[in-house]
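Q: Input: one structure, supplied below.
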Amino acid sequence: MSVIAEYTLSNPILQETRRSVSGVTLEVEDEQPAPGTHPRLIVWAKGTEADLDQFFQELPDDPSITSFEVLSTLPERRLFRMSLSPAGERGLTYVDAITYGITFLDIEAGADKMKYRAQVPSRSALIDYRERCQERDLSFELRRLYRSDAETTAKYGLTARQRDALCCALERGYFDVPREVSTAELAEEFDISSQAFSALLRRGHEALLRNTIAEDNRT
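Here full-length UniProt numbering is used: the first residue of the sequence shown is 1, the next is one more, and so on.
Below is the structure:
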């Protein structure tokens with residue numbers, strides 16, 4: 001049985017904009033490290049239309065990103081793809097999490113801190129990850145640590161949304177050759193962009209492999 005950790009980081013990613021537009025909440029859909037170039041984030045921004053407009057206006061001046069584009073616009077939420085600057089890259093801990101066998105389940109950011117919910121293989125792995133965050137000058141605060149069960153986390157480390165995406169893709173023939181349905185068609189069913197659905201599938205694949213094949217290799 002794995003462990004679920006809930007913690008916060010004083011993360012520099014979009015920190016200035018988050019503090020300036022405190023009415024907007026961010027949900028990270030995907031982190032995309034890219035060696036040799038700027039890593040990218042896919043992020044949902046949620047809030048009132050007025051707050052989202054202000055958020056959009058202030059993004060170009062945020063020192064943690066080099067560029068951004070809007071992938072999808074829906075009532076009271078917008079999906080962004082952002083390229084991180086060196087200052088923002090300091091807050092990207094995805095690769096460190098992989099190193100220690102940690103799977104991010106949810107990442108949400110408010111005005112001051114980013115809140116994480118992650119599946120960790122052991123307490124020692126979490127300690128190693130925390131030390132790596134501190135080396136990056138990211139203030140780590142553990143809020144909750146508990147054993148996972150059927151009610152607190154999905155089987156194989158999948159979030160409910162990741163499981164739904166994988167099952168839908170399988171049932172609709174996405175994995176058939178040739179494919180019977182496109183990413184865009186599946187994304188419509190989830191009311192998100194095709195890029196966001198692709199990210200959801202990728203994170204689901206990663207969690208599934210990490211908790212099946214990779215787990216077998218560790219035993």
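Beta carbons: idealized from backbone N, C-alpha and C, even for Gly.
How many Å lie between residue 22 and residue 52 at the Cα?
A: Start at 1 with the first residue of the sequence shown, and residue 22 comes out as number 22. Start at 1 with the first residue of the sequence shown, and residue 52 comes out as number 52. Between residue 22 and residue 52, the C-alpha separation is close to 10 Å.
Q: Ordered along the chain, which non-local residues of its own chain (more than five positions away) have a Cβ less than 6 Å from that of residue 194?
A: The count along the sequence shown starts at 1 and reaches residue 194 at position 194. Correct list, in chain order: 183, 184, 187.
Q: Output the residue ranges of the beta strand (DSSP E) runs that lie fully inside the stretch 20 to 55 and measure 3 residues or longer, sorted by chain position.
A: Fully enclosed beta strand (DSSP E) runs of 3 or longer: 25 to 32, 40 to 46.
Q: Are residue 20 and residue 138 closer than 8 Å when you measure CB to CB?
A: Indexing the sequence shown from 1 puts residue 20 at position 20. Indexing the sequence shown from 1 puts residue 138 at position 138. Going by C-beta atoms, residue 20 is not nearer than 8 Å to residue 138.
Q: Determine, using beta carbons only, whether residue 135 comes closer than 8 Å to chain C.
A: The chain labelled as chain C is not found in the depicted structure, where only one protein chain is given.
Q: Compute the distance between the beta-carbons of residue 196 and residue 29, then report whether it is under 8 Å.
A: As a first step, residue 196 must be located in the sequence shown, where it is residue number 196. As a first step, residue 29 must be located in the sequence shown, where it is residue number 29. Contact: yes.
Q: For residue 106, does the three-state DSSP call read helix, strand or coil?
A: Here residue 106 refers to the residue found at position 106 of the sequence shown. Looking at residue 106 - three-state DSSP - the assignment turns out to be strand.
Q: How far does the beta strand (DSSP E) with residue 65 in it reach, from first residue to last?
A: Here residue 65 is taken as the residue at index 65 of the sequence shown, counted from 1. Run containing residue 65: 65 to 74, per the beta strand (DSSP E) assignment.
Q: Check whether the stretch 72 to 79 and the stretch 100 to 110 touch, using three or more Cβ-Cβ pairs below 8 Å as the test.
A: As far as the Cβ criterion goes, the stretch 72 to 79 does not touch the stretch 100 to 110, which means the pair count is below three.
Q: Can you tell me which residues form a DSSP beta bridge with residue 146?
A: For the purposes of this step, residue 146 is taken as the residue at position 146 of the sequence shown. Beta-bridge pairing links residue 146 to 4.
Q: Per the contact definition of three or more C-beta pairs closer than 8 Å, is the stretch 58 to 67 in contact with the stretch 79 to 94?
A: As far as the Cβ criterion goes, the stretch 79 to 94 touches the stretch 58 to 67, which means the pair count is three or higher.
Q: Which residue wins for smallest C-alpha separation from residue 110, given the options 130, 201, 45?
A: Translated into positions along the sequence shown, residue 110 becomes position 110. The residue with the shortest Cα to Cα distance from residue 110 is 45.
Q: If you measure between the beta carbons of residue 117 and residue 4, is that distance less than 8 Å?
A: Taking the first residue of the sequence shown as position 1, residue 117 is located at position 117. Taking the first residue of the sequence shown as position 1, residue 4 is located at position 4. Contact flag set, yes.
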